[in-house]
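Chemist:
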Amino acid sequence: MAIQRLDNIGIVVADLDAAVAFFVELGMELEGRSPIEGAWAGSVVGLDGMRSEIAMMRVPGGSGRLELSTYHSPDAVDIGLGTAPSNTLGLHRVMFAVDDIDDTVERLGALGATLVGEIVRYEDAYRLCYLRGPEGIIVALAEQLG
1 MAIQRLDNIG
11 IVVADLDAAV
21 AFFVELGMEL
31 EGRSPIEGAW
41 AGSVVGLDGM
51 RSEIAMMRVP
61 GGSGRLELST
71 YHSPDAVDIG
81 LGTAPSNTLG
91 LHRVMFAVDD
101 IDDTVERLGA
111 LGATLVGEIV
121 RYEDAYRLCY
131 LRGPEGIIVA
141 LAEQLG
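Residue numbering for the sequence shown is 1 to 146, as defined by UniProt numbering.
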């Protein structure tokens, strides 16, 4: 049996509206928002009395999706990953290919994103950077050269 596809990557955020605005500014499209609750949902994630809301974001014309979630019950747990350095074990970052890295950094900066390091050039192939977005999520950007 083989994997059919990567369906989505889930990210838990405290401010769902801010996270949606950030990823829309990046260029993703909001596919939909929905409350998620009930015994079936709690059974899947292992949380009793779970109530949440999700926003499904998709890459235009592509198959990549992010599921942004906020928890109303039980409250989300903050273990400090939003300020963790790039070499922290666990989910590392989400990377997007962009057509203009400078413009993207500027637009996302207006929403509070900050560079983790610098925009760098990798050989004659890419310009790359890491940004901290909403909730401290590390978003990597890659602009292909030539």
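Backbone N, C-alpha and C define an ideal beta-carbon position, used for all residues, glycine too.
Counting along the chain, where does the beta strand (DSSP E) carrying I54 start and finish?
Modeler: Counting along the chain, the beta strand (DSSP E) containing I54 begins and ends at 51–58.
Chemist: Which residues in the same chain have their Cβ closer than 7 Å to the Cβ of Y126, if we skip the five residues on either side of it in sequence?
Modeler: Around Y126: A142, E143, Q144, L145.
Chemist: What first and last residue would you give for the beta strand (DSSP E) that runs through G34?
Modeler: Contrary to the premise, residue 34 reads as Ser rather than Gly in this sequence. From DSSP, the beta strand (DSSP E) with S34 extends over 29–37.
Chemist: Would you list, in sequence order, the uninterrupted alpha helix (DSSP H) runs of no fewer than 4 residues that lie entirely inside the UniProt domain "VOC" (5–144)?
Modeler: Correct list: 16–26, 39–45, 101–109.
Chemist: Thinking S69 and I79 are a contact (beta carbons under 8 Å), I'd like their distance in whole angstroms, please.
Modeler: With 8 Å as the limit, S69 and I79 do not qualify as a contact, their Cβ atoms being about 16 Å apart.
Chemist: Could you say if the segment 133–140 and the segment 89–105 meet the contact criterion of at least three C-beta pairs nearer than 8 Å?
Modeler: Touching, per the Cβ criterion.
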